[in-house]
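Note that the sequence shown covers residues 841 to 1197 in our numbering. For every residue, glycine included, the Cβ atom is placed at its ideal position computed from N, Cα and C. The model shown is predicted, which means the values in this text are computed figures rather than measured ones. This report refers to the structure that appears directly beneath it.
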Amino acid sequence: MIVETVTDRQQWNAALRQFPQAHVLQTWEWGQFKQATTGWKPTRLLFWQTNSAAPIAMASVLTRRAGPLAVMYVPKGPILDYTNTYLAAQILHRLEQFAVSQRAIWLKIDPDVVAGTGVPGEPDEITNPTGSAWTGLLDSRGWRFSGDQVQFRNTVKIDLTASEDTLLAAMSQNTRRKVRAGEKHGLTVRAATLDDLPVLYNLYQITGQRDDFLIRPPAYYEKAWRDFMQAGLAHALIAEDANGTPLAHVILFHFGRTCWYFYGASSNEQREKMPNYLLQWEAMRWARSQGYAVYDLWGAPDDFTETDRLWGVYQFKRGFRGTVTRHIGAWDYAPSPLLYRAYVQAWPRLLKLLRRR
């Protein structure tokens, strides 16, 4: 096996697009964004089999250093044929070697390996053998299921290869009624431009205050949204009333076969017009028109109970009748178990201290 470090944006993204498993968090742009905003330095590794015509795996590895030590993270990667566990073992071995060479306290991976579909305990629950094989492989190699799940482990996905009539008919009756109610209330949906960035952030700030979640400073989101929109990897939609007042928005990130609903926000005004339902429908229609096969609603509960923090938003998403998709989640490799244990014990206290500042 040959491991190549890629330093060219076009080469990296072109190779990534060839994988059905490609994720936008493995793109060149995401690595650049994280480096500029949070100090994670990307190293982009391309894995080749000798004499192969195309790469067999990829991993954009983000690294932060603390003196001679480092922590490392592969968001939604590595990318490879997840059904090939022999190849998976080879890639994990190479990543482990890389972590050791960088004196990493830990290396976290978060591949989009499906553990199963459907809600556990319900009739539609299906266990995916590939997910079971991966968890067994990781466990046998000394990896640990991470206590810090950076990304959503579960989600709801909608198959966009179906016709629009089929997608509408599949929705719950209540959700379908609310989608149509937006148009009856005179709402319209338009594509946002870069000039709308202040509007997007204002609505997002209002939503954060209302729903009590922490949001970053405006510059963080402006850079993310601007950079990805300019790169052709993000698309924003704004719902407005008959007077042109912005009431809600969605911001979609898209790459490969998939379009993700990454950000959403709404005003405190005219909530009875339910603009979010119409926005989701128009987002699906846009993604489908652009040739995307999957619409990922990005986030579902870890535990499908009313006490889960995502239960409320899940009730909204489940009305669109996508497939609940459960992943194996993030796993950590620790070259030094002692250092890893010290880090895990210290991290909650450090995080609490940082949040006070």
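Reduced DSSP secondary structure (H/G/I, E/B, other) of residue i
i, result
"E1080", "strand"
"E1109", "coil"
"G956", "strand"
"L856", "helix"
"G1104", "strand"
"W870", "helix"
"L1043", "helix"
"N1014", "helix"
"L1193", "Low confidence applies to L1193: its pLDDT is 48, below 50, so where it sits in the model is not reliable, and the reading given next is rough at best. Correct three-state label for L1193: helix."
"A1071", "coil"
"A894", "coil"
"W1121", "helix"
"W1138", "coil"
"T1001", "coil"
"P1206", "Outside the modelled stretch of the chain, which goes from 841 to 1197, sits residue 1206, for which no answer is possible."
"P1086", "strand"
"W1065", "helix"
Cβ-based burial, residue i [other Cβ within 10 Å; buried from 16]
i, result
"A1105", "buried"
"P951", "buried"
"A894", "exposed"
"R1066", "exposed"
"E1122", "buried"
"I966", "exposed"
"L1193", "Because the pLDDT at L1193 is just 48, under 50, the model does not fix this residue reliably, and the value given afterwards should be weighed accordingly. L1193 comes out exposed."
"E869", "buried"
"A876", "exposed"
"Q937", "exposed"
"R1195", "Since pLDDT at R1195 reaches only 43, below the 50 mark, its modelled position is unreliable, and the value read off the structure follows with that caveat. R1195 is exposed by the Cβ-count criterion."
"R1197", "Residue placement at R1197 cannot be trusted, given a pLDDT of 37 that sits under 50; what the coordinates show is reported in the next sentence. By the neighbour-count rule (16 or more Cβ atoms within 10 Å), R1197 is not buried but exposed."
"I842", "exposed"
Among the options, nearest to residue i - alpha-carbon criterion
i, options, result
"P918", "Y1180, G1169 and A1186", "G1169"
"S900", "T925, E844 and T890", "E844"
"N924", "L977, A906 and T903", "L977"
"V864", "V846, M898 and S1176", "M898"
"V1039", "R857, K1063 and I1078", "I1078"
"P960", "T1145, L1150 and R1161", "T1145"
"R1166", "Q930, Q889 and A955", "A955"
"L1007", "M841, L885 and T1163", "T1163"
"T957", "N968, I949, R849 and R1111", "N968"
"F859", "G1096, R849 and R1181", "G1096"
"A1009", "F1160, S1107 and Y1103", "F1160"
"P1175", "K948, F873 and N853", "K948"
Residue i, enclosing alpha helix (DSSP H) - first and last residue
i, result
"S972", "P969 to S980"
"R884", "That residue, R884, is in no alpha helix (DSSP H); its beta strand (DSSP E) goes K881 to W888."
Unbroken beta strand (DSSP E) run spanning residue i, endpoints
i, result
"E844", "I842 to T845"
"F938", "Careful: F938 lies outside any beta strand (DSSP E), inside the alpha helix (DSSP H) at T925 to S941."
"R904", "A897 to A906"
"Y1173", "W1171 to Y1173"
"W1151", "Per DSSP, W1151 belongs to no beta strand (DSSP E); it is in the alpha helix (DSSP H), W1151 to R1158."
"V1164", "T1163 to H1167"
"A1031", "T1028 to A1031"
"L947", "A944 to I949"
message: I want to know whether the stretch 1128–1135 touches the stretch 1000–1016 - three or more CB-CB distances under 8 Å.
response: yes
message: Would the stretch 1019–1033 count as touching the stretch 1136–1153 if we require 3 or more Cβ pairs under 8 Å?
response: no
query: Is it a yes or a no for the stretch 1169–1186 touching the stretch 980–999, going by three-plus beta-carbon pairs under 8 Å?
result: Taking a cut-off of 8 Å on C-beta distances, the stretch 1169–1186 touches the stretch 980–999, as three or more cross pairs fall below it.
- prompt: Counting Cβ pairs, one atom from each stretch, are 3 or more of them under 8 Å apart for the stretch 1054–1071 and the stretch 1110–1125?
  reply: no
message: Under 8 Å, with one C-beta from each stretch per pair, do the stretch 1030–1049 and the stretch 1085–1096 reach the 3-pair mark?
response: yes
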